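Have a look at the structure below before the remarks.
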Amino acid sequence: MTGCTRCGICCTEMMIRVPFPTHATAEEHLRARADAERFYRIHGFDVLPSMAGEIALRIPAVCKHLAINGSDTTCNIYETRPEVCRKFECSKCRSE
Ligand code: SF4
Ligand code: SF4
């Protein structure tokens, strides 16, 4: 496991989970889910693997406080960054 490499990726995208209800039949559910996923993809979202009952989406969203210096990045409001940023657990940091 390694620490943060300051690649900045976590500050350039967001992940959201959209509720997706169960349909009356498995066939109807799969068809509706495929249609919903297509809808999100044609709007520029990446559809991620997710739990039943939701659709997980990744959205490109560069934070306006991200300072990029070549391959190095820093947060311009590090001391006052949002709680969400403070609590973020990076899978890259955990897995490397
Ligand atoms: S927390 Fe992870 S994704 Fe974010 S800058 Fe560090 S290594 Fe990159
Ligand atoms: S506020 Fe700072 S830590 Fe949070 S997303 Fe923006 S640049 Fe990254």
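Using this note's numbering, you'd call the opening residue of the sequence shown number 56 and step up by one each time.
All residues carry an ideal CB built from backbone N, CA and C; glycine is no exception.
These numbers were taken from a predicted model, which means no experiment stands behind them.
Counting only the Cα atoms, glycine 99 lies some 28 Å from isoleucine 132. The chain-ordered list of residues whose CB is nearer than 7 Å to some heavy atom of ligand 2 reads Cys65, Cys66, Cys118, His120, Leu121, Cys130, Asn131, Ile132, Tyr133, Arg136, Pro137, Cys140. In the three-state reduction of the DSSP assignment, glutamate 109 falls in the strand class, which pools E and B.
One alpha carbon belongs to alanine 81, the other to leucine 121, and they sit about 44 Å apart. The closest heavy atom of ligand 1 lies less than 6 Å from the beta carbon of lysine 147. Cα atoms of threonine 57 and cysteine 148: separation of roughly 5 Å, rounded to the nearest angstrom.
Under DSSP, isoleucine 71 takes part in a beta bridge, and its partners are Leu112. Non-local C-beta neighbours of methionine 69 in its own chain, meaning closer than 6 Å and more than five positions away in sequence, comprise Ile114, Ala116, ordered along the chain.
With a cut-off of 6 Å, the C-beta of threonine 57 is classified as distant from ligand 1, since no heavy atom of the ligand falls inside that distance. Pairing glutamate 134 with glycine 108, the inter-Cα distance amounts to about 37 Å.
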